[in-house]
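Reminder that position 61 of the sequence shown reads as 51 in the working numbering, one-by-one numbering, no gaps.
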Amino acid sequence: MNIVLLEPEIPQNTGNIGRTCVATGTALHLIKPLGFDIDEKSVKRSGLDYWKDLNLKCYDNFESFIEENPNARIFMATTKARKAYTDVKYEKDCFIMFGKESAGIPEEILLRYKENCVRIPMLEKYRSLNLSNSVAVILYEALRQNNFDNFLFEGDLHRHNWDE
């Protein structure tokens, strides 16, 4: 799986998303300009000690991202989409793109991918969810559709045993 952030603005969101990507074996693609320096403490703090394990790729602009990933099947997460994120089939190597916090993905890009635009349903009077929450919601649906390959499903208690 691949998560793509187009011009992210808030370092804490990107840090949280990076942590989610590491925990799920997902690559994170950042398309510039970024609203922060990738080495900022707030990015790394949000990603905690996972940031060093992140499969991170950066691009100068959307066109360079497309040039370097010419066969990518890209889903565009947008509040403007006509179908829900649960209405599509995500392949294991697909890309799920999210726009910057203040404006989303430009409409000119959305129109190029209109069949692959998806939204998270929410009450009409609210504009959107937090970016890192949106990434987690859609990414986990994509992973669920692919049977959570190689994921740990059982956890151990710290001081007790489940068989007590």
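Glycine included, each C-beta is placed from N, C-alpha and C at the ideal position.
What's the C-alpha gap between His19 and Lys115?
31 Å
query: Looking only at DSSP bridge pairs, what is Tyr49 linked to?
result: Ile21
Practice task
Evaluate Tyr130 with the Cβ neighbour count: other Cβ atoms within 10 Å of its Cβ, from every protein chain shown; 16 or more gives buried, anything less gives exposed.
Solution key: Result: exposed.
- Item | Start-to-end residues for the beta strand (DSSP E) that takes in Val78 | Segment: none, Val78 is in no beta strand (DSSP E) and carries neither H nor E.
Across the region 4 to 14 and the region 119 to 129, are there enough close Cβ pairs to call them in contact, namely three or more that are closer than 8 Å? yes
Inset, instruction - Ignore the nearest five residues each way along the sequence and tell me which others in His148's own chain have a CB closer than 7 Å to its CB. - result: none
| query | Closest to Met(-9) by CA distance: which of Glu53, Phe138, Asn151, Glu(-1) is it? | reply | Phe138
Buried versus exposed call for Lys79 [16 or more other C-beta atoms within 10 Å across all chains shown] | exposed
| request: Specify, as a first and last residue, the run of the alpha helix (DSSP H) that Leu129 falls within. | output: Counting along the chain, the alpha helix (DSSP H) containing Leu129 begins and ends at 121 to 135.
Do Pro23 and Lys90 have their C-beta atoms closer together than 7 Å?
The answer is no: Cβ separation not under 7 Å.
The region 105 to 119 touching the region 44 to 60, judged by at least three CB pairs closer than 8 Å:
no
DSSP bridge partner residues for Ala67 (one or two, in chain order) = Phe88, Val108
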